[in-house]
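Visitor: Residue numbers for the sequence shown follow the working numbering, so the first one is 1328 and each next one is one higher.
Note that CB positions come from ideal geometry on N, CA and C, so glycine has one too.
I'd like to ask you about the structure that follows.
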Amino acid sequence: MHIKTSDPDILSIVNRINRGLIDLQPDFQRGEVWNTLKKQRLIDSILRGWHIPPIHLISSPSTNKIEVLDGQQRLVSIRDFMAGDFPINGSLEPKDDELGYLDKLYWNDLPSHYQEKIELFTIRFLTISDYKIGEPGELFHRLNHPTSLTSAEQRNAFFGESRQQVKSVASFMTEELGLNKSTIGFTNSRMAYDDIVAKLLITMDNGVLGKKITSSIITDKYRSEQGFSKESVAVIKNALINFSRALKESGANVRFNKASFHSWILFVVSLEKSGLSMIKLAHFIYDFESSRKNHELDLFSEPRFRATSDGVKQALKIYTDRSTSRVADTSSVILRDIVLHGLFYLYSDFNMKEPLIQKLNERFSYLANRANILEDDLLILAKYLDWRPL
1328 MHIKTSDPDI
1338 LSIVNRINRG
1348 LIDLQPDFQR
1358 GEVWNTLKKQ
1368 RLIDSILRGW
1378 HIPPIHLISS
1388 PSTNKIEVLD
1398 GQQRLVSIRD
1408 FMAGDFPING
1418 SLEPKDDELG
1428 YLDKLYWNDL
1438 PSHYQEKIEL
1448 FTIRFLTISD
1458 YKIGEPGELF
1468 HRLNHPTSLT
1478 SAEQRNAFFG
1488 ESRQQVKSVA
1498 SFMTEELGLN
1508 KSTIGFTNSR
1518 MAYDDIVAKL
1528 LITMDNGVLG
1538 KKITSSIITD
1548 KYRSEQGFSK
1558 ESVAVIKNAL
1568 INFSRALKES
1578 GANVRFNKAS
1588 FHSWILFVVS
1598 LEKSGLSMIK
1608 LAHFIYDFES
1618 SRKNHELDLF
1628 SEPRFRATSD
1638 GVKQALKIYT
1648 DRSTSRVADT
1658 SSVILRDIVL
1668 HGLFYLYSDF
1678 NMKEPLIQKL
1688 NERFSYLANR
1698 ANILEDDLLI
1708 LAKYLDWRPL
């Protein structure tokens, strides 16, 4: 690993950021973690001429960009201040009369000599090149050892093929399909989308639903020279496309979390194999999520659904409970998946010839009619059916 040092001034740094020469990765690294006060403290330190920790950068051969390994929040704060996003806080300790006069002033309001002072302030850059896959990640972990990082944030420091595939799918999901907070109900804070995509791809590569996925398993994949299979990437992207279309068609105001979103995408992967109409999926999304959020609704009560209202409510409760607790364990993943499949095939009255689905349908219909659906019953059913290959 080769490290080159340089000391650019803030004016040139921000210029390079705005021109896209330095990739801050706001959607893929840690998101907007610093609050306004912390950003103001950084600007205050610069105005006082205090030392700013060096920024670690990666020269990425796969993207031909300079990407931020450590120091993203510092660069984002400087860029945002000069863009006029927040003002100076002149009341920070230790009190300084000169800085007190600048209180609540935005960048464009600053006297020119203060602007120049900030623009000419230099920050040490350490640019890493000629590295092995594991070296930037190990350096990142050591630099951030005192900081509480999510597993997804830690994995993002491994600059291998798996990371690039996850970044590509997550970017496609948000930028091309518009699957973001406004449509699915949760943000990419702390790299939540990357984490979901990585787990989906691991699941597809495994070829089965019931294999436990731990953070260490995903990290090992990121460390590996070999990325995810191209087929798995294509399947997940196609499922995201169809789910996005069905979600828009449904008009439902849904609020997924990481667990439930993960289950819906794998559910769509399953439906795609049957060639089922996405219009039916859209209707199911609306009725399923509406019934789950409002217990007064009885959207599954029609006789053709072959289920009692109480049976449906019990199934929805299991799904909800297993989406909010123990979300990562294998039993939760399987229970959510069985409930989605069981209710969908009762709901749609779709003539599915696959033996696995026929057996599920018969047993699930019996439990729903009996109005006594228990977690243990569904787990026993899953074991009996060897639920499910992907």
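Thinking C-alpha only, which one of Ser1551, Asp1334, Ser1617, His1589 is nearest Ile1450?
Guide: Ranking the options by Cα distance to Ile1450, first place goes to Asp1334.
Visitor: Could you give the uninterrupted runs of the alpha helix (DSSP H) lying entirely in the segment 1550 to 1627, keeping only those of 4 residues or more?
Guide: Listed in chain order, they are 1557 to 1577, 1585 to 1601, 1605 to 1620.
Visitor: Roughly how far, in whole angstroms, is the beta-carbon of Ala1709 from the beta-carbon of Ile1665, given that I think they are within contact range, below 8 Å?
Guide: Going by Cβ atoms, the distance from Ala1709 to Ile1665 rounds to 6 Å, so yes, they are a contact pair.
Visitor: If you drop the 5 nearest sequence neighbours on each side, which residues of the same chain put their C-beta closer than 8 Å to that of Lys1459?
Guide: Met1328.
Visitor: Could you check where the beta strand (DSSP E) with Phe1452 kicks off and where it finishes?
Guide: 1452 to 1456 is the span of the beta strand (DSSP E), which, as asked, contains Phe1452.
Visitor: So for Asp1637, helix, strand or coil by DSSP?
Guide: Correct three-state label for Asp1637: helix.
Visitor: Let me confirm a value: Gln1356 is counted as buried when at least 16 other C-beta atoms fall within 10 Å, else exposed. Which label applies?
Guide: Bear in mind that a pLDDT of 46 at Gln1356, under 50, signals an unreliable position, so the number given afterwards is only what the model happens to contain. Buried, by the Cβ-count rule.
Visitor: With a threshold of 16 other CB atoms inside 10 Å of the CB of Gln1367, please say whether the residue is buried or exposed.
Guide: Gln1367 comes out buried.
Visitor: Take Ser1659 as the anchor and find which of Phe1671, Trp1714, Lys1680, Ser1675 has the nearest alpha-carbon.
Guide: Nearest of Phe1671, Trp1714, Lys1680, Ser1675 to Ser1659, Cα basis: Trp1714.
Visitor: For Ser1387, name the three-state secondary structure that DSSP assigns.
Guide: In this structure, Ser1387 counts as strand in the three-state DSSP scheme.
Visitor: Would you report the Cα separation of Ser1604 and Ala1573, rounded to the nearest angstrom?
Guide: When rounded, the distance between both Cα atoms is 10 Å.
Visitor: Do Met1531 and Ser1559 have their beta-carbon atoms positioned less than 7 Å apart in this structure?
Guide: Yes, the Cβ-Cβ distance between Ser1559 and Met1531 is below 7 Å.
Visitor: Across which residues does DSSP place Ser1333 in a beta bridge pair?
Guide: According to DSSP, Ser1333 bridges with Phe1452.
Visitor: Have a look at Ile1544, Leu1374, Lys1600, Lys1539 and flag the residue whose alpha-carbon is nearest the alpha-carbon of Asn1569.
Guide: Looking at the Cα atoms, Lys1600 is the closest of the given residues.
Visitor: Rounded to the nearest angstrom, what separates Ala1525 and Ile1455 at their Cα positions?
Guide: For Ala1525 and Ile1455, the distance between alpha carbons rounds to 26 Å.
Visitor: By the DSSP assignment, the beta strand (DSSP E) with Leu1536 in it spans what residues?
Guide: Element bounds for Leu1536: n/a, residue is neither H nor E.
Visitor: Report yes if the C-beta distance between Glu1394 and Asp1350 is below 7 Å; otherwise report no.
Guide: Against a cut-off of 7 Å, the Cβ pair of Asp1350 and Glu1394 comes out as a contact.
Visitor: Here's a check: name, in chain order, each residue in its chain whose Cβ is nearer than 7 Å to the Cβ of Leu1712, leaving out the five neighbours to either side.
Guide: Here the set comprises Leu1683, Lys1686, Leu1687.
Visitor: Decide if Glu1503 is buried, meaning its Cβ has at least 16 other Cβ atoms within 10 Å, or exposed.
Guide: Burial call: exposed.
Visitor: Return the CA-CA distance between Ile1382 and Ile1330, expressed in angstroms with no decimal places.
Guide: About 12 Å.
Visitor: Leu1643 and Ser1617 look like a contact to me (Cβ under 8 Å); what is the Cβ gap, rounded to whole Å?
Guide: The Cβ separation is near 11 Å, so there is no contact.
Visitor: Can you name the start and end residues of the alpha helix (DSSP H) that Val1395 belongs to?
Guide: Careful: Val1395 lies outside any alpha helix (DSSP H), inside the beta strand (DSSP E) at 1392 to 1397.
Visitor: Could you tell me the alpha carbon to alpha carbon distance between Thr1501 and Gln1400, rounded to whole angstroms?
Guide: Taking the straight line joining both Cα atoms gives about 21 Å.
Visitor: Which partner residues does Asp1704 have in the DSSP bridge list?
Guide: Paired residue(s): none; Asp1704 is not in a bridge.
Visitor: Rounded to the nearest angstrom, how far is the Cβ of Ile1415 from that of Leu1402, given a contact under 8 Å?
Guide: In fact, because the Cβ distance is near 18 Å, the residues do not count as touching under 8 Å.
Visitor: Using the Cβ count rule (16 or more neighbours within 10 Å means buried), how would you classify Ser1650?
Guide: Burial call: buried.
Visitor: Do Lys1585 and Ile1523 have their CB atoms nearer than 7 Å?
Guide: Contact flag set, yes.
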